[in-house]
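S.K.: Before we start, here is the structure in question, set down as structure tokens.
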Amino acid sequence: MNNDGVLLQAARLIAEWDPALFEIVLLSLQVTMSAVVISCLLGLPLGAAVGAFRFHGRGAVILILNVLMGLPPVVVGLLVYLVLSASGPLGVLELLYTPTAMIIAQIVLVTPIIAALSRQVIEDLYLEYAEQFASFGVSRYTRVRALLWDARYTLPTVVLAGVGRAVAEVGAVMIVGGNINHVTRVMTTAIALETSRGDLELALALGIILLALALVVNVFVMALRGTRVRGAYA
Amino acid sequence: MPKCDAKRQSSLGEVIDSKIELPLISARDIGFSLNGQWFLKDVSITVRARKRTVLIGPNGAGKSLLLRLFHGLIPASTGEILWKGQKLSSNSQECQAMVFQRPVMLRRSVMANMRFVLGVRGFAGREQTRRAKDALEMAGLTSLASRPARVLSGGEQQCLAVARALACGPELLLLDEPTASLDPAATSRVEELITAAHERGIAVVMVTHDQGQARRMADQLVFLQSGRVAEAGDAAAMFATPKSPALRAWLDGRLFVETEAN
């Protein structure tokens, strides 16, 4: 089959709402969104705290966060595998080769990205607010909360970076998920598998959906950033 | 309940129950140094309740620094600063409010900016709303309450900054060049607001480079030069008969050469 034929077949799979295809898409979204939400809950307050507080060893924390941003996914996959495997410390939970293991691996990958990028955003904002906050007598807790709220039109870009990392990730989820059909097969691992098997239609259909998702998320964030309201509050 | 004087809780418009001559701030021989350089040295000033004290002097004289020391934003290197005879603390800071040269507006609406500081200072929901509305009305900003604070004009933002400071009912208002870079109309609105606050019994310490403003606003004048008090006293007397050559030069609009504080 030539490339045009592959593209047509891929389009047909999408148009016909192929159950196998959408099972993979749905699981991908579940894993990615769960990981990003949990990473935001962990990473945003952490980034805000590091950005807004001055403490001994802060420079080292920033350095570690920045280094962790570039963690190789296969290394993360390996580490999570070792922890979750039967002989690992959390082996008793029997999470290996489950979507939960994939979510854990993605959290490890995405949390440092969200923490490090939000730290920079919050720190820039805090430099502007610091003296006024000191004058108001703002407590540490209120400071973090207020900074996160006031950065609400900038932080979606940070979250988007996390979504991008999670949704495009292959290595870690392949290792801890095992790419098991109907259980842990997500878009990226399916694309890798189907391409190697020569089933290019399904691989291309998944690729198109992946690109479309990236487009939708970017359009959403651009729309958010571009509104007049955002302009007034950013 | 806010920690500042309980007599001040009910209304922004109440006349403050303070004795006229009560010293709010007593700064004794204070100095501030950084990396071996002295930016303020041997400064002794008393700020009295219900009085307007204006700090003047050339750039780098230490005027803004002195305000920050009074407000407890940075500690003095030497000497002591007392608030009503007690050491500066978070309680004394809550009885003061400071407005900076460039107003810092939170990325929220005008009303949300007001409510934020009132919440931080411990005022409950309804009291927050009442105080915010009163202060905005006083500043002539009621119609802008729902607008994003950062889209207001420079003059409106500075009025909002003063209103936000006054909403908490401070006993002392510290103003660091509040009308710098504002046009005459906006300057007039900010001055009216400060005057209204003073008429309600709030003491004011203001830094300015504007001689006309100093003449309009000062009860007490402090002329700082090279981190020291070159001359201080009754404003009218100082304007009429300046004693130091530096103040005479400043009043004449002439340049004079700075000397090192240390």
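So the protein lines, in turn, are chains P and W.
Every position in the first sequence, counted from 1, becomes a number in the working numbering once 11 is added.
Every position in the second sequence, counted from 1, becomes a number in the working numbering once 27 is added.
Where is the CB? At the ideal position from N, CA and C, for every residue including glycine.
Does the beta carbon of Ser146(P) come closer than 8 Å to any beta carbon on chain W?
M.R.: It does; some Cβ of chain W falls within 8 Å.
S.K.: Under three-state DSSP, which class holds Glu41(W)?
M.R.: Residue placement at Glu41(W) cannot be trusted, given a pLDDT of 45 that sits under 50; the coordinates are not used to answer.
S.K.: Arg240(W) by DSSP, collapsed to three states: which one?
M.R.: According to the sequence as given, residue 240(W) is Gln; it is not Arg. In this structure, Gln240(W) counts as helix in the three-state DSSP scheme.
S.K.: List, in order along the chain, the chain P residues whose C-beta lies closer than 9 Å to that of Phe127(W)?
M.R.: Those within 9 Å of Phe127(W) in chain P are Glu142, Gln143, Ser146.
S.K.: Hey, would you say Ala214(P) sits closer than 8 Å to Leu24(P), going by beta carbons?
M.R.: No, these two residues do not count as a Cβ contact at 8 Å.
S.K.: Use the C-beta contact count for Leu19(P): other C-beta atoms within 10 angstroms, 16 or more gives buried, fewer gives exposed.
M.R.: Leu19(P) should be labelled exposed.
S.K.: For chain P, check one thing: does any of its Cβ atoms lie closer than 8 Å to the Cβ of Arg134(W)?
M.R.: Output row for Arg134(W): interface = yes.
S.K.: Which two residues bound the contiguous alpha helix (DSSP H) that contains Arg142(W)?
M.R.: Start and end: 137 to 147.
S.K.: Using 8 Å for Cβ pairs, my map puts Val249(W) next to Ala259(W). What's the rounded Cβ distance?
M.R.: About 4 Å; that satisfies the 8 Å criterion.
S.K.: Against Val155(P), what residues of chain W qualify as contacts under a CB-to-CB distance less than 7 Å, listed in chain order?
M.R.: Result: empty, since nearest Cβ-Cβ is about 13 Å, beyond 7 Å.
S.K.: Using C-beta distances below 8 Å, list every residue in its chain close to Pro56(P), excluding the 5 sequence neighbours before and after it, in chain order.
M.R.: Around Pro56(P): Val155, Leu159.
S.K.: Does the stretch 165 to 176 of chain W come close enough to the stretch 164 to 173 of chain P to have 3 or more Cβ pairs within less than 8 Å?
M.R.: They do not touch, by the three-pair rule.
S.K.: Excluding the 5 residues preceding and the 5 following Thr235(W) in the sequence, name in chain order all residues of the same chain whose CB lies nearer than 7 Å to its CB.
M.R.: For Thr235(W), where only same-chain residues beyond five positions count, the Cβ hits under 7 Å are Val81, Ile83, Glu204, Ala241.
S.K.: May I have the straight-line CA-CA distance separating Thr153(P) from Arg275(W), to the nearest angstrom?
M.R.: Approximately 48 Å, taken between the alpha carbons.
S.K.: Helix, strand or coil for Glu309(W)? Go by DSSP, reduced to three states.
M.R.: Outside the modelled stretch of chain W, which goes from 28 to 289, sits residue 309(W), for which no answer is possible.
S.K.: Is the shortest distance between the beta-carbon of Glu257(P) and the beta-carbons of chain W less than 8 Å?
M.R.: This structure gives no information on residue 257(P), because the portion of chain P shown stretches from 12 to 245.
S.K.: Is Tyr152(P) close to chain W? Criterion is C-beta to C-beta, closer than 8 Å.
M.R.: No, Tyr152(P) lies away from the interface with chain W (no Cβ there is under 8 Å from its Cβ).
S.K.: Taking CB distances under 8 Å as the criterion, tell me whether Val149(P) reaches chain W.
M.R.: It does: the Cβ of Val149(P) has a partner Cβ on chain W nearer than 8 Å.
S.K.: Straight-line CA distance for Arg243(W) to Glu139(P)?
M.R.: For Arg243(W) and Glu139(P), the distance between alpha carbons rounds to 32 Å.
S.K.: Compare the C-beta of Tyr244(P) with all C-beta atoms of chain W and state if any pair is closer than 8 Å.
M.R.: Yes - at least one Cβ of chain W is within 8 Å of the one on Tyr244(P).
S.K.: Identify which residue in Gly88(P), Gly81(P), Met113(P), Ile220(P) has its Cα closest to the Cα of Ala46(P).
M.R.: The shortest Cα separation from Ala46(P) among Gly88(P), Gly81(P), Met113(P), Ile220(P) belongs to Met113(P).
S.K.: Can a CB atom of chain P be found closer than 8 Å to the CB of Ser91(W)?
M.R.: No, Ser91(W) does not count as interfacial toward chain P.
S.K.: Residue range of the beta strand (DSSP E) that Pro56(P) falls in?
M.R.: No beta strand (DSSP E) contains Pro56(P), which is instead part of the alpha helix (DSSP H) from 30 to 63.
S.K.: Taking all protein chains shown into account, decide if Ile118(P) is buried (16 or more other Cβ within 10 angstroms of its Cβ) or exposed.
M.R.: That one is buried.
S.K.: DSSP three-state label for Thr268(W), please.
M.R.: If DSSP states are grouped into helix, strand and coil, Thr268(W) belongs with coil.
S.K.: Are the CB atoms of Ile125(P) and Cys51(P) nearer to each other than 8 Å?
M.R.: In contact: Ile125(P) and Cys51(P) (Cβ atoms closer than 8 Å).
S.K.: Mind checking if Asp29(P) is an interface residue toward chain W, Cβ cutoff 8 Å exclusive?
M.R.: Chain W, which has no Cβ nearer than 8 Å to the Cβ of Asp29(P), makes this no.
S.K.: Got a sec? Which residues, its chain only, sit under 7 Å from Ala159(W) by beta carbon, not counting five neighbours each side?
M.R.: The residues are Met138, Met141, Arg142, Leu145, Ala194.
S.K.: Can you name the start and end residues of the alpha helix (DSSP H) that Val81(W) belongs to?
M.R.: It is not in any alpha helix (DSSP H) - Val81(W) instead sits in the beta strand (DSSP E) that spans 79 to 83.
S.K.: Would you give the residue range spanned by the beta strand (DSSP E) that Ala259(W) belongs to?
M.R.: Its beta strand (DSSP E) spans residues 255 to 261.
S.K.: So, under 8 Å CB-CB, Leu209(W) and Ala224(W) are touching, yes? Tell me the CB distance rounded to an integer number of Å.
M.R.: The Cβ separation is near 17 Å, so there is no contact.
S.K.: For Glu139(P), which residues in chain W fall below 9 Å Cβ to Cβ?
M.R.: What Glu139(P) touches in chain W: Val131.
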